[in-house]
Amino acid sequence: MAYYSNSAPFRLRIYLKQNRNSQVFIGYPLANPTEWIQIFNFNSTELICGKQRFDINDVRSFIIAYPSGEILDGELVFYPLPQGIYYIENEKNIKSEIIIPENLKVGNQLLRVVHEKAVDEKRNNYYSTKLINISPEKIRVIKFAGYTQYHGMYILSTITGGYLSEQNFESGMVLMKTVG
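Position in the sequence shown (first residue = 1) + 66 = this note's numbering.
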């Protein structure tokens with residue numbers, strides 16, 4: 067059975083293939099979910115919770131969360147959320163930040179930012195981001211954000227309206243969608 071690239075089963079497979087420390091929950095019962103079941107094991111076709119097995123193609127509702135509990139993605143998410151799972155909070159004061167290429171010159175001498183499309187990534191415009199330290203000093207990321215390129219400038223563009231945390235960066239689970 068073929069699924070389009072934004073379907074719940076397709077997206078769920080992508081996250082599971084990444085084999086990260088994410089928390090995975092599915093809505094149960096599958097046809098009309100009213101509660102969340104945490105998935106600890108899986109294979110290419112099934113999600114496993116204890117003695118129960120669920121065909122990935124039948125899943126309509128899911129949550130993928132960072133190890134911290136922040137929701138990374140979800141489909142048909144309903145309340146109550148699983149214990150310890152929460153949406154990333156919006157920035158109280160939304161930032162309006164624009165970076166022009168001239169302001170990146172010094173940073174580009176210290177750090178290289180590489181955007182690569184994973185070999186198994188089927189979605190258009192989705193890339194992973196890698197930071198490469200090219201300076202003699204140690205570099206520590208204390209905040210980061212996604213930016214959208216617009217007429218040669220870069221405009222802050224995150225789900226929170228501000229910067230993302232050091233913990234988000236360290237979890238290594240951020241997927242960035244590039245636009246333009």
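Note that the Cβ used here is the ideal one computed from N, Cα and C, for glycine as well.
My output table needs one value for residue i: the three-state DSSP class, helix, strand or coil.
i, result
"residue 74", "helix"
"residue 185", "coil"
"residue 199", "strand"
"residue 109", "coil"
"residue 104", "strand"
"residue 81", "helix"
"residue 122", "helix"
Let's see if you can read the secondary structure: which residues bound the beta strand (DSSP E) around residue i?
i, result
"residue 140", "137-141"
"residue 90", "89-94"
"residue 147", "Segment: none, residue 147 is in no beta strand (DSSP E) and carries neither H nor E."
"residue 131", "128-131"
"residue 221", "219-222"
"residue 229", "First-last for residue 229: undefined, no H or E at that position."
"residue 213", "213-216"
How big is the Cα-Cα spacing for residue i and residue j?
i, j, result
"residue 102", "residue 147", "8 Å"
"residue 203", "residue 175", "12 Å"
"residue 170", "residue 180", "15 Å"
"residue 167", "residue 212", "15 Å"
"residue 205", "residue 196", "13 Å"
"residue 220", "residue 120", "43 Å"
"residue 199", "residue 178", "6 Å"
"residue 110", "residue 75", "11 Å"
"residue 215", "residue 118", "46 Å"
"residue 149", "residue 218", "44 Å"
Among residues of its own chain, excluding the 5 on either side of residue i, which ones have a beta-carbon nearer than 7 Å to its beta-carbon?
i, result
"residue 78", "122, 125, 128"
"residue 223", "212, 213, 214"
What residue range does the alpha helix (DSSP H) around residue i cover?
i, result
"residue 173", "171-174"
To the nearest whole angstrom, what separates the beta carbons of residue i and residue j, a pair I think is in contact under 8 Å?
i, j, result
"residue 82", "residue 106", "No, residue 82 and residue 106 are not in contact; Cβ-Cβ is about 12 Å, not under 8 Å."
"residue 152", "residue 140", "About 12 Å separates the two Cβ atoms, so there is no contact after all."
"residue 209", "residue 231", "7 Å"
Can you name, in chain order, every residue of its own chain whose Cβ lies under 6 Å from the Cβ of residue i, other than the five neighbours on each side?
i, result
"residue 89", "131"
"residue 99", "93, 127"
"residue 115", "103, 105"
"residue 145", "none"
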